Amino acid sequence: MKLDILAFGAHPDDVELGCGATIAKEVSLGKKVGIIDLTQGELGTRGSAEIRKIEATNAAAILGVSARENLKFRDGFFINDEKHQLEVIKMIRKYRPEIVLCNAIDDRHIDHGKGSKLVSDACFLSGLRKIETSLDGEEQEAWRPKVVYHYIQWKNIEPDFVVDVTGFMDQKVDSVMAYSTQFFDQNSKEPSTPITSKNFLDSITYRAQDLGRLINKDFAEGFTVERYLAVNTLEDLI
Numbered sequence: 297m298k299l300d301i302l303a304f305g306a307h308p309d310d311v312e313l314g315c316g317a318t319i320a321k322e323v324s325l326g327k328k329v330g331i332i333d334l335t336q337g338e339l340g341t342r343g344s345a346e347i348r349k350i351e352a353t354n355a356a357a358i359l360g361v362s363a364r365e366n367l368k369f370r371d372g373f374f375i376n377d378e379k380h381q382l383e384v385i386k387m388i389r390k391y392r393p394e395i396v397l398c399n400a401i402d403d404r405h406i407d408h409g410k411g412s413k414l415v416s417d418a419c420f421l422s423g424l425r426k427i428e429t430s431l432d433g434e435e436q437e438a439w440r441p442k443v444v445y446h447y448i449q450w451k452n453i454e455p456d457f458v459v460d461v462t463g464f465m466d467q468k469v470d471s472v473m474a475y476s477t478q479f480f481d482q483n484s485k486e487p488s489t490p491i492t493s494k495n496f497l498d499s500i501t502y503r504a505q506d507l508g509r510l511i512n513k514d515f516a517e518g519f520t521v522e523r524y525l526a527v528n529t530l531e532d533l534i
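Right, dumping it as structure tokens:
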């Protein structure tokens with residue numbers, strides 16, 4: 297299956313939090329989108345790998361993505377080395393996306409920055425013909441995505457561009473709340489974490505609302521880039 301967009305996250309729920317509304321919008325426009333989770337989030341204070349797998353499946357259905365896989369790297373301990381790069385390359389060559397979305401370049405959780413660099417490096421390496429990979433017994437062809445965009449997570453990184461996601465925030469929030477073990481629940485008896493507060497839940501909306509304000513729209517999601525953005529004409533900008 298060839299995808300238009302492939303979104304990577306270090307943990308299940310990273311993609312939903314970082315760019316869930318953008319994905320929902322792209323799907324509504326007929327784009328084929330997939331999600332690859334690098335780890336199962338097994339070190340999370342709440343929930344378990346098994347529960348988060350169910351939650352991730354439910355979230356994927358809410359967003360309408362075409363595929364979701366988990367590479368089962370070690371939560372907290374995966375590194376950006378040849379072994380991990382090759383596994384990511386296999387996914388890139390399998391789905392042959394034009395656009396790759398991945399973690400924030402720097403963030404509170406150490407896996408986010410690591411995941412960001414790992415995926416970015418793998419996108420470049422995936423285009424080298426002399427790196428040989430196979431999947432399910434079949435040799436894969438080299439493939440390099442056209443662009444890599446990094447979504448924004450905990451830290452307020454200044455975006456290089458924003459996407460108008462007006463009309464898709466409810467879908468994003470619903471996909472986030474599919475991870476019922478991870479976020480605000482006033483009846484939960486589980487330990488508190490930085491992402492289980494009511495303020496964090498509210499921030500999903502008010503941060504998007506603030507970015508939307510800056511472009512005279514209701515909501516927006518921000519991204520950073522690794523190279524200059526290019527447009528055909530000034531009319532491509534809103």
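Those letters in the sequence shown? Residues 297 to 534, per our numbering, in order.
Glycine is no exception: its CB is placed at the ideal position from the N, C-alpha and C atoms.
For clarity, every value in this text was computed on a predicted model and none was experimentally measured.
The beta carbon of Ile332 is closer than 8 Å to those of Leu302, Ala303, Phe304, Gly305, Arg364, Glu365, Asn366, Leu367, Val384, Met387 in its chain, skipping five residues each way along the sequence. Take Thr318, set aside five residues on each side of it, and the residues of its chain with a beta-carbon closer than 7 Å to its own are Val459, Val461, Glu517, in chain order. Counting along the chain, Val527 sits inside no beta strand (DSSP E), nor does DSSP assign it H or E at all.
Linking Glu522 to Asp371 through their CA atoms gives a straight-line distance of about 26 Å. Residue ranges of uninterrupted beta strand (DSSP E) with 3 or more members, entirely inside the segment 343-411 and ordered along the chain, are 363-369, 395-398.
Look at Phe420 here: in three-state DSSP terms it is helix. In the three-state scheme derived from DSSP, where H, G and I count as helix and E and B as strand, Thr429 is classed as coil. Contact annotation, Ile448 with Val472: C-beta distance approximately 15 Å; criterion of less than 8 Å not satisfied. Counting along the chain, Phe496 sits inside the alpha helix (DSSP H) bounded by residues 494-510. The three-state reading of DSSP puts Thr462 in coil, since its state is none of H, G, I, E or B. Bridge partners of Tyr447 according to DSSP: Phe519. The C-alpha of Phe479 is placed about 8 Å away from the C-alpha of Lys494.
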